[in-house]
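Numbered according to our numbering, the sequence shown spans residues 961 to 1170. Step one of this worksheet: look at the structure below.
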Amino acid sequence: MKASILGVAAVVCTMFITSCSSLTPVNEATEYSSRSFILKPRAVEAQAKIINKHANLDVTPIEINDEAKSMVVLNSVLEETNELFSGFLLKEAETYIGTPYRYGGTTRNGIDCSAFVRNVFETFNKNLPRVSADQAREGFTVSTAEAKEGDLVFFATRGRGRVSHVGIVHGRNKDGVLEFIHSSTSQGVIVSSLNDRYWGPKFLYVKRVL
């Protein structure tokens, strides 16, 4: 049983890295969580609530079937895979730190914000549009509180609320404020914070594309 679960995990990890198609629910007992590709079986949640409710009563323990157990293991593997993937993505992004900004540039000799984002994601077989405004149409919006490493953060640097700049969520500083890695016009590829006097007021929203 353990070997078969590990086999399934290996196949799922391979699919996640090489494909961006979402999984299709196999039955009504399965639903998606807010994190892409993470499955949450309602049956397992229901069984857990029943067990907790009667934990101190003298009743026969409820046994969770093998399918439900397998789903729990699969959820755990996929969650760890997402975290590993985001980590690899950020390591790739960090190799660009110090690269100068160049409008329309797409290489390490000079690169603009949207090309930087596209190049990093392209390394992991995730294709994004070339322009930041088009990249903003990908994925779905998440709050800054829910934002995770690898999400995209968008700004309106030219006013009027229109997307004109993009970066990749890099993590949070010691105060819990969101940080992002991006190609800025003045300093090239750097890590900035949302509480920055320049970037804070220009922030629009965060999108999850993975």
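For each residue, glycine too, the CB sits at the ideal point set by N, CA and C.
Handout entry: Where V1113 sits in the DSSP three-state scheme
Key = As a position in the sequence shown, residue 1113 is number 153, starting the count at 1. Residue state, collapsed to three classes: strand.
Exercise for the section: Leaving aside the five residues before and after R1157 along the sequence, list all residues of the same chain whose C-beta is less than 7 Å from its C-beta, in chain order. Expected result: Translated into positions along the sequence shown, residue 1157 becomes position 197. Excluding residues within five positions, none has a Cβ falling inside 7 Å.
Exercise for the section: State the DSSP-derived secondary structure class of F1163, mapped to helix, strand or coil. Expected result: As a position in the sequence shown, residue 1163 is number 203, starting the count at 1. If DSSP states are grouped into helix, strand and coil, F1163 belongs with the strands.
Exercise for the section: Check E1098 in the structure and name its three-state DSSP category. Expected result: Along the sequence shown, read from residue 1 onward, the residue named residue 1098 stands at position 138. Residue state, collapsed to three classes: coil.
Exercise for the section: Rounded to whole angstroms, what's the CA-CA distance from R1090 to V1077? Just pull it up for me. Expected result: Sequence index remark: in the sequence shown, residue 1090 carries index 130 (1-based). Sequence index remark: in the sequence shown, residue 1077 carries index 117 (1-based). Each residue's alpha carbon lies about 9 Å from the other.
Exercise for the section: Whole angstroms is fine: what's the gap from D1072's alpha carbon to R1120's? Expected result: The residue given as residue 1072 occupies position 112 in the sequence shown. The residue given as residue 1120 occupies position 160 in the sequence shown. Rounded to whole angstroms, D1072 to R1120 spans 21 Å at the Cα level.
Handout entry: Length-filtered (4 minimum) alpha helix (DSSP H) runs lying within the stretch 1062–1097
Key = 1073–1082, 1092–1095
Handout entry: Touch test, the stretch 1041–1052 against the stretch 1097–1112, Cβ-Cβ under 8 Å, three pairs minimum
Key = yes
Practice task
Give the DSSP-derived three-state secondary structure of S1124 in the structure shown.
Solution key: In the sequence shown, counting from the first residue as 1, residue 1124 sits at position 164. Coil at S1124, not helix or strand.
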